[in-house]
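Chains as they are written, first to last, in the working numbering: chain Y, 5 to 121; chain U, 159 to 274. First comes the structure, then the notes that go with it.
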């Protein structure tokens with residue numbers, strides 16, 4: 005199974021809502037990532053979890069709160085978002101994320117398309 | 159500053175034709191270079207990955223080349239199909255201080271449209 009799944013596929017929320025994005029993988033990967041992608045732009049790294057610990061936070065606003073309950077799951081909790089936060093949110097995983105493995109590939113999920121009104 | 163630039167920004171070709179996409183990078187120290195295909199509204203899918211010592215890698219009708227001296231890579235698509243219509247993203251990894259890396263530097267992508 006080389007699949008990363010994300011739910012929901014689409015999400016519309018108001019600026020006062022609280023919602024969560026979910027990501028799951030069963031490849032035994034120990035690194036998981038959240039990316040934000042605006043239209044016609046490359047993905048931008050938000051967070052990296054390595055062995056269930058947050059290893060990178062790319063200065064993301066606190067209205068985005070990641071959580072890694074176990075090695076297979078990654079959540080992104082959303083609260084008080086702004087319209088400019090509307091984007092495609094991608095989850096990815098890789099074998100370890102911290103080794104110098106030159107062939108380590110990140111496997112991406114299909115994304116959650118988020119619209120903030 | 160680590161950067162990855164791709165050209166052209168967009169490309170339209172007829173079904174069955176070949177095309178080549180370009181990627182120039184200024185990433186140091188270099189670890190590896192990957193090409194991803196991203197369908198609209200979907201997550202990127204890895205096509206090829208090359209390390210410093212590899213200069214060619216094929217995956218079906220996709221062939222990637224790497225010139226580590228000039229810091230250039232290309233992705234050649236042979237006998238294009240309608241399903242090749244997508245954004246193609248060049249991604250370069252840099253080695254961290256300890257020799258490890260877990261951050262990718264994404265190019266802006268080339269949007270390919272294959273027309274019948």
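Each residue gets a CB set at the ideal place from its N, CA and C atoms; glycine is no exception.
Alpha-carbon to alpha-carbon, residue j and residue i
i             : j             : result
residue 80/Y  : residue 19/Y  : 16 Å
residue 104/Y : residue 193/U : In this predicted model, residue 104/Y has a pLDDT of only 46, less than 50, meaning its place in the structure is not dependable enough to derive any value.
residue 184/U : residue 224/U : 13 Å
residue 236/U : residue 173/U : 10 Å
residue 15/Y  : residue 209/U : 38 Å
residue 188/U : residue 21/Y  : 42 Å
residue 180/U : residue 267/U : 10 Å
residue 43/Y  : residue 100/Y : 29 Å
residue 229/U : residue 170/U : 26 Å
residue 50/Y  : residue 36/Y  : 11 Å
residue 12/Y  : residue 227/U : 44 Å
residue 109/Y : residue 90/Y  : 27 Å
residue 8/Y   : residue 274/U : 32 Å
residue 117/Y : residue 93/Y  : 6 Å
residue 115/Y : residue 242/U : 20 Å
residue 196/U : residue 270/U : 10 Å
residue 161/U : residue 263/U : 7 Å
residue 88/Y  : residue 120/Y : 8 Å
residue 214/U : residue 68/Y  : 40 Å
Given residue i as reference, the closest of the options once Cα atoms are compared
i             : options                    : result
residue 168/U : 247/U, 241/U, 214/U        : 247/U
residue 65/Y  : 95/Y, 36/Y, 84/Y           : 84/Y
residue 253/U : 191/U, 205/U, 195/U, 199/U : 191/U
residue 249/U : 182/U, 175/U, 166/U, 171/U : 182/U
residue 52/Y  : 41/Y, 72/Y, 67/Y, 45/Y     : 72/Y
residue 62/Y  : 70/Y, 55/Y, 56/Y           : 70/Y
residue 59/Y  : 34/Y, 82/Y, 45/Y           : 34/Y
residue 76/Y  : 41/Y, 96/Y, 120/Y, 47/Y    : 96/Y
residue 30/Y  : 121/Y, 23/Y, 98/Y          : 98/Y
residue 217/U : 177/U, 199/U, 233/U        : 233/U
residue 54/Y  : 78/Y, 24/Y, 17/Y           : 78/Y
residue 74/Y  : 28/Y, 47/Y, 10/Y, 45/Y     : 28/Y
residue 163/U : 87/Y, 24/Y, 46/Y           : 46/Y
Cβ neighbour criterion (16 or more within 10 Å) applied to residue i
i             : result
residue 265/U : buried
residue 32/Y  : exposed
residue 39/Y  : buried
residue 111/Y : buried
residue 113/Y : buried
residue 245/U : buried
residue 186/U : exposed
residue 10/Y  : buried
residue 166/U : exposed
residue 251/U : buried
residue 86/Y  : exposed
Residue interval of the beta strand (DSSP E) (run including residue i)
i             : result
residue 20/Y  : Where residue 20/Y is concerned, there is no enclosing beta strand (DSSP E), given that its DSSP letter is neither H nor E.
residue 70/Y  : 68 to 74
residue 228/U : Residue 228/U -> no beta strand (DSSP E), and no H or E assigned at all.
residue 195/U : 188 to 196
residue 81/Y  : 77 to 83
residue 61/Y  : 57 to 61
residue 185/U : Per DSSP, residue 185/U belongs to no beta strand (DSSP E) and is neither H nor E.
residue 348/U : Residue 348/U is absent from the structure shown; chain U starts at 159 and stops at 274.
residue 164/U : 161 to 165
residue 54/Y  : 48 to 54
residue 97/Y  : 91 to 98
residue 251/U : 244 to 252
residue 273/U : 268 to 273
Taking beta-carbon pairs under 7 Å, can you tell me which members of the region 204 to 232 of chain U lie near chain Y? Those residues of the region 204 to 232 of chain U that come within reach of chain Y (Cβ to Cβ, closer than 7 Å) are 204, 207, 209.
Check distances from the C-beta atoms of the region 261 to 272 of chain U to those of chain Y and list, in chain order, the residues that come in under 8 Å. Those residues of the region 261 to 272 of chain U that come within reach of chain Y (Cβ to Cβ, closer than 8 Å) are 261, 262, 264, 265, 266, 267, 269.
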